[in-house]
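Going down the list, the protein sequences come from chains A and B. Residue numbers for the first sequence follow the working numbering, beginning at 43 and rising by one. Residue numbers for the second sequence follow the working numbering, beginning at 109 and rising by one. Virtual Cβ for every residue (Gly too), placed ideally from N, Cα, C. Quick caveat: nothing in here was measured; it's all calculated off a predicted structure. To start, the structure itself, in structure tokens.
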Amino acid sequence: MAALVLIPVGTVISSFFAPASDIWQHLVETTLASLLVNTFWLVLGVASGTVLLGVSLAWFTAVCEFPGRKFFSWALLLPLAIPAYVTAFVALGLFDYTGPVQTTLRAWLGPELSWFPNVRGRMGVITVMILAFYPYVYLLARNAFLTQGRRSLEAAQSLGFNRTQGFLKVALPMARPWIAGGVMLALMETLADFGTVAVFNYDTFTTAIYKAWFGMFSLAAASQLASLLIVIVFAMIIVEQRFRSRMRYAETRQSGRVNRIPLTGWRSWLLVFFASGTLFLSFLLPVTQLGVWAADVFAQDFDQRYLEFLGHSLLLSSLAALLTCSVALLMVYAARRHPDPATHAAVRIATIGYALPGAVLAVGIFVPVAWLDNWLSELAMQFFNIETGLLIQGTLFTMLIAYITRFLAVSHSPIDSAMQRITGSIDEAAMGLGLNGWTMLRRVHLPILKGGIFTAAALVFVDVMKEMPITLMTRPFGWDTLAVRIFEMTSEGAWEQAALPAVALVLAGLLPIILLVRQTEK
Amino acid sequence: MNALLELRDIRHAYGKQVVVNDLSLTLRKGQIGCLLGPSGCGKTTVLRCIAGFEPISAGEILVNSVIVSNAGFCMPPERRHIGMVFQDYALFPHLTVAANIGFGLHRMQKTGRDSRIAELLQTVGLIDAAAKYPHELSGGQQQRVALARALAPRPDLLLLDEPFSNLDVTLRERLSLEVRDILKSQNATAMLVTHDQDEAFAIADEIGVMHRGEIQQWDTAYNLYHKPSNRFVANFIGQGVFLSGKILDPRHVEIELGILTGQFQHECKPDCQLCVKGHPVDVLIRPDDIVHDDTSPIQAAVVHKAFRGADILYTLRLPGGSTALSLVPSHHNHAIGEKIGIRLEADHVVAFSQSAS
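Shown next as structure tokens:
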């Protein structure tokens, strides 16, 4: 399984040392600098924005008491259900020059709207991504604050600090590893993102890889771009791991009753305004607009083709969920049976795939598959004298391999943590009661693992459904899914047509969020 | 009377549930007080009210004769100059041991701060651990860091919330004596909360037994054991059983094992109801009040035995059918069912009127 990850990574990295092609030369001269600058600002903007928004909301919902706090603490996770590229095209549709907002404003205030920010610019992309990705920071920071915020604040107060000082000197530094973890997640998504930047025509590595491949038909240039992106991503992984290792802070348990700081008067209303504003922009507004658009085009677009997209998406997602969970289950059992460093390392490597941007992975999978295909067809030619054509390229098989590689980590962690609950003594107790082999699996392991497997399958299912670049770049010709349809419609600026498939994605996306909310509410 | 801490009829409620009910106590400077009681009796809440983490709905709390809490006012914790050792220690995991201890010394010059940190590291015996992080320390070491951190700013009063509950039993005993020495050496006034009476006895000068949000008795350990003021205290502190008996006169009471002679636990006033001759009472008999004596005419059957090393705690069935406990040196080893001779040997009497609880 580790090989599954290593092959694409190896392919992509080795291409970095490959002789530079003309196209590559051309890319370096023309676009590389702007790609780097664009990526830099995007990362910086999203990082600072998600921290500001995520940490502040996390603090207020975890430690303070204000009207609607319970509602906001879970509702603020909802934006996770909307793929960033959906938020993106809704934002463009609403706020662009021809969109309803600017049109209305022009009607009221005259044709000059020079003060209105350019939605298509850098700030537009960054804002959309912040709104889409802040829940990662919010979720992790809130966890940290809930378990230790209040208590550490009391400790600081008993040592003569007021609340503000306590927050800055104790609660914030203590939560730093969690906050950093959340930011890293947000940044991984940012770097891997293809759909959002494509909608905004904001060139980053992922779009450049796509263009090099499908615009200039240069797989070499695409993989060289991919290798650069991989370097950036790995640099981030290393940073993340360093923070992760410091997370082993002595965890203080949550004390029975959490005393919240009651906020009253204008402060509480300001807070309610802040929280509901965030929720409105990041979730309610996009969902409402989607609904309106979808209703507009429902009559004409809800046809045989739409059902076909839906069917493809569902088929692909279920297959991927099934396969990925099986592989993850095998891995977890292997690690349990042979808990040696080699297995451990293999598992670590195999789950790194999640950090690989889909565009990179598509390239990394495609190159060896193409090579294998050629080899196979030559072989067939030589021995059986049959013209096989391309056997694996452009089949579901390639797609599924890519999905497994990318989403193995997603399914691995819930299954693994469920497995952690089956301690050695549980096995021994079961054996002591006369169970072994299959009976033990069926009567003991399966019931314990069931929840974990279900969560894993749901997560992978939704992730595959939303996944855009892998699907776009490795799908069989003409084999469209919902995400592909969204890409095609948005690239023509047909927001209304993109809304109907997006509604299906959002509905599916709500599933894991409900799971998550139920988990956090416990 | 220089009372450092004074609680006057304080009351605290969560919603309708009254957790602390008209509670009063006084602690003098340099004393170590303790609130002892079963879990859920409101003792931790009292501590948190003193620290300023909880408001009170009636009464007042004074520190050095200054009101810090009353019904409408709650001075913020950071202005009270009261230190606190939390049950889970609440050490700052991102800071070293030295930085944790120095955390509350932010108003001090650097040199003064460093010497104070060094002094406390010396006091709690953690000089070698100064540069370590909390998660690298054992439970007992973390506990000492928490203590040092709270002591560092020389608070007027130190509060300790179940400070030893996360430690194992052997460590608990040793550390509680050590903590008493540290507190006394720093001349600190402290208030401790615990459910463990051994711990309370080891550390505190005065102990308040709490039940249902009220203090049942505020006294020394000796008096709590030997002169409990009500049945709850008598039951909660130490072991023992109640045997019914009759008052003969203010120094004598008759039970089925014979006549007990000694000072009654309460002051006998002229109009005392309890000391009327013939008044039915329940008499508290501790395991050390009954001694083993082969020559004694009173024979009791062994129902249960618990070997404790130096002695054995026997549960005995008395001839009248009631049960009693007896602590006997362990070389007197008797089988269950065997009858052994016993005799009363007590120099004070704890009796409660049978009608009252």
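Within 8 Å of the CB of MET192 of chain B, the CB atoms of chain A belong to GLU196, ALA197, SER200, in sequence order along the chain.
With contacts defined as CB atoms closer than 8 Å, ILE398 of chain B and ALA443 of chain B fail to qualify as a contacting pair. Chain-order list of chain A residues neighbouring GLY212 of chain B: ALA198, SER200, LEU201, GLY202, PHE203, by C-beta distance under 9 Å.
Within chain B, the residues whose beta carbon sits less than 9 Å from that of PRO215 of chain A are PHE200, HIS202, LEU203, listed in sequence order.
Burial state of MET473 of chain A is exposed, judged by a 10 Å Cβ sphere holding fewer than 16 other Cβ atoms.
Counting of Cβ neighbours within 10 angstroms places GLY212 of chain B among the buried residues, the total reaching 16 or more. None of the residues of the region 127-152 of chain B has a beta carbon lying less than 7 Å from any beta carbon of chain A.
With the criterion set as a beta carbon lying under 9 Å from some beta carbon of chain A, the members of the region 176-187 of chain B are PRO184, PRO185, GLU186, ARG187, in sequence order. In terms of Cα proximity to GLY386 of chain B, the closest of B:ASP396, B:GLN407, B:SER352, B:VAL411 is B:SER352. Remark: C-beta atoms of GLY449 of chain B and ILE406 of chain B approach each other more closely than 8 Å. With a beta-carbon spacing of about 15 Å, VAL301 of chain B and LEU255 of chain B fall beyond the 8 Å limit used to define contacts. When Cβ-Cβ separations below 8 Å define contact, PHE161 of chain B makes contact with chain A. Only PRO261 from the region 260-271 of chain B bring a Cβ to less than 7 Å from some Cβ of chain A. With respect to GLY202 of chain A, PRO261 of chain B sits close: the two C-beta atoms are nearer than 8 Å. Under DSSP, PRO388 of chain B takes part in a beta bridge, and its partners are B:LYS354. PRO271 of chain B counts as buried, since at least 16 other C-beta atoms from the protein chains shown sit within 10 angstroms of its C-beta.
When rounded, the separation of the alpha-carbon atoms in GLU453 of chain B and GLY429 of chain B is 20 Å.
Assigned with DSSP and collapsed to three states, ARG378 of chain A falls in helix. Interface flag for VAL225 of chain A against chain B is unset, since no Cβ pair is found closer than 8 Å.
If you check the CB distance, TYR180 of chain A and LEU99 of chain A come in under 8 Å. Distance from the CA of LEU435 of chain B to the CA of ARG425 of chain B, rounded to the nearest whole angstrom, comes to 14 Å.
According to the DSSP assignment, MET318 of chain B belongs to the beta strand (DSSP E) that extends over 314-319. For THR73 of chain A, the CB contacts under 8 Å within the same chain, skipping 5 residues up- and downstream, are ASP245, ALA250 in chain order. Taking a Cβ-Cβ threshold of 9 Å, none of the residues of chain B is close to VAL275 of chain A; the smallest such distance is about 27 Å. Of all C-beta pairs linking the region 125-136 of chain B to the region 529-537 of chain A, fewer than three are shorter than 8 Å, placing the two stretches out of contact. Collapsing the DSSP output to three states places CYS157 of chain B in a helix. Per DSSP, the continuous alpha helix (DSSP H) segment holding THR497 of chain A begins and ends at 488-508. Three or more Cβ pairs drawn from the region 118-133 of chain A and the region 319-338 of chain A lie within less than 8 Å of each other, which places the two stretches in contact.
For VAL212 of chain A, a Cβ of chain B is located within less than 8 Å of the residue's own Cβ. Proximity to ILE468 of chain A across A:LEU78, A:HIS487, A:VAL273 peaks at A:HIS487, based on C-alpha coordinates. For ARG162 of chain A, no beta strand (DSSP E) segment is defined, and its DSSP state is neither H nor E.
Counting the other Cβ atoms within 10 Å of the Cβ of MET510 of chain A gives 16 or more, which makes it buried. Of the residues assessed, ALA387 of chain A falls on the exposed side of the cut-off, its CB having fewer than 16 other CB atoms within 10 angstroms.
Residues of the region 167-194 of chain A that bring their beta carbon within less than 7 Å of a beta carbon in chain B comprise ARG193, SER194, in sequence order. Counting only the Cα atoms, SER194 of chain A lies some 14 Å from ASN185 of chain A.
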